[in-house]
DNA sequence: ATTCACGAAAATTTCGATATTTTTGTTTAA
DNA sequence: TTAAACAAAAATATCGAAATTTTCGTGAAT
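Residue numbers (the working numbering), protein chains in the order written: chain A, 7 to 224; chain B, 7 to 224.
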């Protein structure tokens, strides 16, 4: 999460904005729930206007829904939107992976190995104790870091930003639809497949592994 | 422009928001220009807070830049960002075109023919009189309609939304970088190539024509 | 019993005033 | 002359109250 705070759109609301965003994509709010600035302000100790601004910004990415004179709410669980998000994420992430494989050097390989090492460690622990809230949060963070590292050498800051947007949207809808934690046993070997293909500089295998991984994620 | 007003994120600011967005992507504002809510309010007869909200929303799509305690401004012309926008647009539009070609029926073909007919008509007129502000605005509208129709049958509302976002971002940066109107002689036959490939259901030719068209656009 | 109309309550939107931060201009010291 | 310190002005951010819109509950008419 730390890395995200350093985003270019840093501002005074940074804590509230990112904290709220994190809670949204971690399914802390029930789909369909009304998000009233007047209530939320109490949790963050700021004014309703500020919350309104933040909610508007989140609505741009589809993380909250807005309707004129009806306010904001958590998007309803929608299998269709979830599928659209999956496909879009595959499109973006495969392109980012291809470019990274082409442009990335030894340093990138090392970062991939590091990210996967952390992820694999946490996934093995989480597999044993899937009720641990703490491990779940760690897994979310490591999963994000792995996928983000995969595309990090694509050379396009725009692609990286768009990837984060669709990653978050996909995660939110996935959790809303599946009602599980989003973790599957197969994750472990799927991530390994992706890592190996990336280190082998095998674009096709990497994209295939990615598409398979994401399709199964729901 | 009418079609866009019917966007899901309809609200009370709809006129101001879309009008301002249109002006941004039509290069009505000089890159780097400071956008002060306090000044802009006079043009729209509303409060500064409302403008601030709208500017925040536009900043989500990259159409305006925001810095904490420094306010908003029109993004500086950047060749690098323009190139990144081109590549991203190619990625999205090619995927949308592929899906439309696969899924679209006779109705879609007819809409493509209609959109191209209008576009070709305007392009020929605009070619003769490139100083006409009115024809330029018509061309912008027809160009958008043609490309939007091309992907309209992709089956994913998410892809369509993302396409609009990158289309606008690309157009804004293109106009900022090239300092021309964005219209080239070759546009006419490039659009025809794309139309023919689409009607022939030739995915590869269509994507190739699209990539060529967009690369040359800058 | 159902529908419609009306009014009260709640929620949302708008707004301008106040507080904070940044920028600008001036003076002073090195 | 340059740099630092300070003060004034401008710009930005925050906030809560007022205006508007929607929602909900009550009662009357079909």
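The C-beta atom is built at its ideal place from N, Cα and C for all residues, glycine as well.
Strictly below 7 Å CB to CB, what residues from chain B border residue i?
i: residue 62 (chain A); result: 59, 62 and 63
i: residue 3 (chain A); result: This structure does not reach residue 3 (chain A), given that chain A is present from 7 up to 224, and the question cannot be answered.
Would you call the CB atoms of residue i and residue j closer than 8 Å?
i: residue 121 (chain A); j: residue 152 (chain A); result: yes
i: residue 222 (chain B); j: residue 190 (chain B); result: yes
i: residue 167 (chain A); j: residue 62 (chain B); result: no
i: residue 136 (chain B); j: residue 187 (chain B); result: yes
i: residue 148 (chain B); j: residue 131 (chain B); result: no
i: residue 106 (chain A); j: residue 157 (chain A); result: yes
i: residue 96 (chain B); j: residue 205 (chain B); result: no
i: residue 30 (chain A); j: residue 69 (chain A); result: yes
i: residue 39 (chain B); j: residue 79 (chain B); result: yes
i: residue 175 (chain A); j: residue 116 (chain A); result: no
i: residue 93 (chain B); j: residue 84 (chain A); result: no
i: residue 88 (chain A); j: residue 219 (chain A); result: no
i: residue 102 (chain A); j: residue 165 (chain A); result: yes
i: residue 159 (chain B); j: residue 110 (chain B); result: yes
i: residue 182 (chain A); j: residue 33 (chain A); result: yes
i: residue 66 (chain A); j: residue 21 (chain B); result: no
Output yes if chain B places a C-beta closer than 8 Å to the C-beta of residue i; else output no.
i: residue 97 (chain A); result: yes
i: residue 55 (chain A); result: yes
i: residue 165 (chain A); result: yes
i: residue 201 (chain A); result: no
i: residue 87 (chain A); result: yes
i: residue 7 (chain A); result: With a pLDDT of 30 at residue 7 (chain A), under the threshold of 50, the predicted position of this residue should be treated as unreliable, though the coordinate-derived value follows. No, because no Cβ of chain B sits closer than 8 Å to the Cβ of residue 7 (chain A).
i: residue 12 (chain A); result: Confidence is the limiting factor: at residue 12 (chain A) the pLDDT is only 30, short of 50, which leaves the residue's position unreliable and the question unanswerable from this model.
i: residue 17 (chain A); result: Since pLDDT at residue 17 (chain A) reaches only 40, below the 50 mark, its modelled position is unreliable, and the value read off the structure follows with that caveat. True, the Cβ-Cβ gap to chain B drops below 8 Å.
i: residue 22 (chain A); result: no
For residue i, which residues in chain A fall below 8 Å Cβ to Cβ?
i: residue 162 (chain B); result: 90, 93 and 94
i: residue 66 (chain B); result: 63, 66 and 67
What residues from chain B crowd round residue i, counting only those whose CB sits closer than 9 Å?
i: residue 101 (chain A); result: 93, 94 and 97
i: residue 41 (chain A); result: In chain order: nothing, as chain B lies at least about 15 Å away.
Under a CB-based cut-off of 8 Å, is residue i close to chain A?
i: residue 206 (chain B); result: no
Is residue i near the ligand SAM, with its Cβ less than 7 Å from a heavy atom?
i: residue 214 (chain B); result: For the ligand SAM, the structure offers nothing, since it holds no ligand at all.
Q) Can you list the alpha helix (DSSP H) stretches of 4 or more residues lying completely in the segment 150–205 of chain B, in chain order? A) 163–184 and 193–205
Q. In chain order, which continuous runs of the beta strand (DSSP E) of length 3 or greater are located wholly inside the segment 12–82 of chain B?
A. 71–73 and 77–79
Which complete alpha helix (DSSP H) runs does the segment 109–141 of chain A hold, if anything under 4 residues is left out?
112–134
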